[in-house]
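When the letters of the sequence shown are read in order and numbered with full-length UniProt numbering, they come out as residues 1 to 202.
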Amino acid sequence: MKERHDGRQMETTRRQETEKGDRERRQRKETEKGDKRRQRKETAKGDRKGDKRRQKRRQTETEKETEKETEKETEKETEKETEKETNKPVAMRSAATAATPTATAAAAAAGSAAAAAPAPAAARAPAATRAAAAAAAAAAAAALTCYLYLLLMPNASVFFLFAPAAAAPAAPAAAAARPAAAAAAAAAALTCYLYLLLKPNA
1 MKERHDGRQM ETTRRQETEK GDRERRQRKE TEKGDKRRQR KETAKGDRKG
51 DKRRQKRRQT ETEKETEKET EKETEKETEK ETEKETNKPV AMRSAATAAT
101 PTATAAAAAA GSAAAAAPAP AAARAPAATR AAAAAAAAAA AAALTCYLYL
151 LLMPNASVFF LFAPAAAAPA APAAAAARPA AAAAAAAAAL TCYLYLLLKP
201 NA
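Structure (structure tokens):
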């Protein structure tokens with residue numbers, strides 16, 4: 001009886017130990033499984049955060065590059081506009097320089113004609129001829145005045161010193177003309193001068 005009882009007790013003890021070992025093994029497995037699951041979640045979360053950071057970094061770099069390109073384009077446009085504004089007076093002066101020989105020749109011809117003509121012949125000349133000569137002299141004086149303004153535009157104060165001297169050669173012919181023609185020529189010259197003077201603020 002005693003041996004049978006001892007054998008049953010040993011089997012019970014062995015079964016309990018086996019069950020205990022199984023329970024511990026299952027717990028370890030579940031713990032390991034939970035640890036792995038948590039680790040995967042944390043890794044995925046970190047990856048997502050890393051992706052977000054990388055995405056923000058890429059977006060910031062793209063915005064910076066876009067700003068740099070915009071600044072470069074703006075600088076190029078500003079340089080082009082500055083070059084255009086700088087070249088305008090040069091082009092105007094070159095055009096005036098090209099027109100100078102014609103204006104000078106016309107002024108010289110008008111002055112020589114007025115000087116060479118004797119007083120009785122000038123008195124006998126028709127009114128239309130005198131008016132045409134006065135208009136030509138006034139136009140030549142106006143052209144020469146415009147040329148001097150364009151040539152000396154950067155130093156506009158110097159222009160007011162040379163403008164009366166430029167109009168001086170045409171004075172005798174204009175004085176010999178009829179008052180109406182002289183007034184019309186003077187008005188035309190003054191209009192041209194005022195237009196050129198106020199052209200930047202037209």
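Here a beta-carbon is modelled for each residue, glycine too, at the ideal position from N, C-alpha and C.
Nearest by alpha-carbon distance to residue i: which of the options is it?
i	options	result
A142	T129, A133, A188	A188
Note down, in chain order, each residue of its chain lying with its Cβ closer than 8 Å to the Cβ of residue i, except the 5 sequence neighbours on either side.
i	result
G50	none
According to the Cβ coordinates, are residue i and residue j closer than 8 Å?
i	j	result
A131	A186	no
T145	Y193	yes
Taking its Cβ as the centre, do 16 or more other Cβ atoms sit within 10 Å of residue i, making it buried, or is it exposed?
i	result
A140	buried
R14	exposed
A134	buried
A165	Summary for A165: the model assigns pLDDT 49, below 50, so the residue's position carries little reliability; its value from the coordinates is reported in the next sentence. Label assigned to A165: exposed.
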